[in-house]
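Each position in the sequence shown, counted from 1, maps to that position plus 2 in this note's numbering.
This report refers to the structure that appears directly beneath it.
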Amino acid sequence: MSVFTSKENITDLLERGIGNTPLLKLQSLFARLNMHVYAKMEMGNPSGSVKDRSATRILLEAIHNGEINSESTIIESSSGNMGIALARLCKLLQLPSYIVVDPYINQHAKKLLRSYGANLVEVTERDKNQGYLGNRLKKVQELLDTVPNSYWTNQYGNPNVCIAHQRIFQEILEQLGAAPDYMLVATSTCGTLRGIADAIEMSSSPTKLIAVDAEGSILFENQPKARHIPGMGASHPSAFLRRYQIDRYTLVSDYEAIQGCQIIQEHEGMLIGGSSGALIAALHKLKDYIPANASVALLFPDSGERYLDTIYNDLWIQQISEKVMA
Ligand SMILES: Cc1ncc(COP(=O)(O)O)c(C=O)c1O
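This is the structure we're talking about:
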């Protein structure tokens, strides 16, 4: 029986287990730096990343206003996590999904997508900014034109993305009992950053928001180059970014992000994803900017288990450094 026959249960079905993720104090690493650092562990969401929050909100809104029904096919472009979150929800809703990916995606993410029954469409040509996003979006348009009853969730511009992510900051306020002095967020669509920025504004919190982007991304500086860590950076401008909402941005190289992951594994015994590692690298770069005893919240979007064949694989690290040197 289609879940659409009992609409009141859809909200419960989709929202189950989303959010209220743990906030963990990183004890050993930052004591020496005289900072109180907390990581919001978004890998605790059902599909393993922060994107469960936005995917759920987008689908529920579209179902409630009639844009998605039991005949719909869901289309999205994704570096991995958004696709996995949507594919899981589509499985619950018994809807087909097409996820447009590119060669940055890792094999593990592809396996997860397939396990949820998603149709994978891979774009292989780089766009003019050395990334794939421009071409992924062209492919999305092609699918919308050809697949009947298709609906694009549009994680790059759907306002529900930002609304969903406001909750992250509200949870941190509740968990800490106070606003953190600083918050670091990795950027790609900038939807997470924007939601948190809006929540900081709405709660009149003194928190300074710092965006952490990949070297070679065009979000903050126009110096495009190839990048290898999925999830971070963009080769296309963000519709969500409001520069006045952030205190500053910090750029992190692929290698620095990998080092950040290794440091956390060594000192905290945790496997974190590449963009989480980038936050650790950024925090080290900012250690003379952030005052002693400051409280700092980091958003860890996903876990390192997704990157065992890449970030935690010496051979892959060697291969990407050879490509950079070539
Ligand atoms: C692992 C990871 N980190 C960071 C981000 C960036 O989030 P946003 O797209 O909201 O800027 C993403 C987005 O896909 C991601 O998958």
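Every residue, glycine too, gets a C-beta built ideally from N, C-alpha and C.
This structure is a prediction, so every number in the text was calculated from the model and none was measured.
Nearest Cα to residue 170 within the set 131, 117 and 199: 199. The beta carbons of residue 203 and residue 247 sit closer together than 8 Å. Pairwise C-beta distances place the stretch 280-294 in contact with the stretch 208-220, as three or more of them are shorter than 8 Å.
Taking 8 Å as the cut-off, the Cβ atoms of residue 97 and residue 76 count as close. Taking all protein chains in view, the Cβ of residue 143 is surrounded by fewer than 16 other Cβ atoms within 10 Å, so the residue is classified as exposed.
Contact check between the stretch 85-102 and the stretch 186-199: fewer than three CB pairs, one atom from each, fall below 8 Å, which does not count as touching. Boundaries for residue 38: no alpha helix (DSSP H) harbours it, while the beta strand (DSSP E) harbouring it runs 38-43, taken from the DSSP string. Proximity of the beta carbon of residue 195 to ligand 1 is indicated: a heavy atom of the ligand is located closer than 7 Å.
It is roughly 32 Å from the alpha-carbon of residue 270 to the alpha-carbon of residue 220. Only residues of its own chain outside the window of five on either side were considered, and among them 86, 87 and 90 have a CB closer than 6 Å to the CB of residue 49, listed in chain order. Residue 312 is not bridged by DSSP to any residue.
DSSP places residue 234 outside both helix and strand once states are collapsed to three, so it counts as coil.
Per DSSP, residue 56 is not a residue of any beta strand (DSSP E); the alpha helix (DSSP H) it occupies stretches across 53-66. Closest by C-alpha distance to residue 218, out of 267, 197, 205 and 253, is 253. Residues 73, 74 and 75 of the same chain have their beta carbon placed closer than 7 Å to that of residue 151, with the five preceding and five following residues left out of the count. DSSP lists 103 as the bridge partner or partners of residue 124. For the stretch 237-303, the full-length beta strand (DSSP E) segments reaching 3 residues or more read 250-254 and 297-302 along the chain. Secondary structure of residue 97 (DSSP, three-state): coil.
For residue 255 and residue 288, the gap between their C-alpha atoms comes out near 15 Å.
Residue pairing for residue 77: DSSP places it in a beta bridge opposite 100 and 154.
Within the model, the alpha-carbon separation for residue 61 versus residue 70 is close to 8 Å. By a beta-carbon distance limit of 8 Å, residue 312 contacts residue 108. Their separation comes to about 5 Å. For residue 17, the closest C-alpha among the options 179, 54, 294 and 175 is that of 54. Per the DSSP secondary-structure output, residue 200 pairs with nothing in a beta bridge.
Rounded to whole angstroms, the separation of the alpha carbons of residue 324 and residue 196 is 35 Å.
For residue 166, the secondary structure class from DSSP, reduced to helix, strand or coil, is helix. Look at residue 190: its beta carbon is less than 7 Å from one of the heavy atoms in ligand 1. In this structure residue 168 is buried. Its beta-carbon is surrounded by 16 or more other beta-carbon atoms within 10 angstroms.
Nearest Cα to residue 302 within the set 276, 176, 137 and 314: 276. Residue pairing by DSSP places residue 184 opposite 210 and 298 in a beta bridge. For residue 113, no beta strand (DSSP E) encloses it; the enclosing alpha helix (DSSP H) starts and ends at 109-117. Here the distance from the Cβ of residue 83 to the nearest heavy atom of ligand 1 is below 7 Å.
Residues 102, 104, 134, 137, 138 and 141 of the same chain have their beta carbon placed closer than 7 Å to that of residue 125, with the five preceding and five following residues left out of the count.
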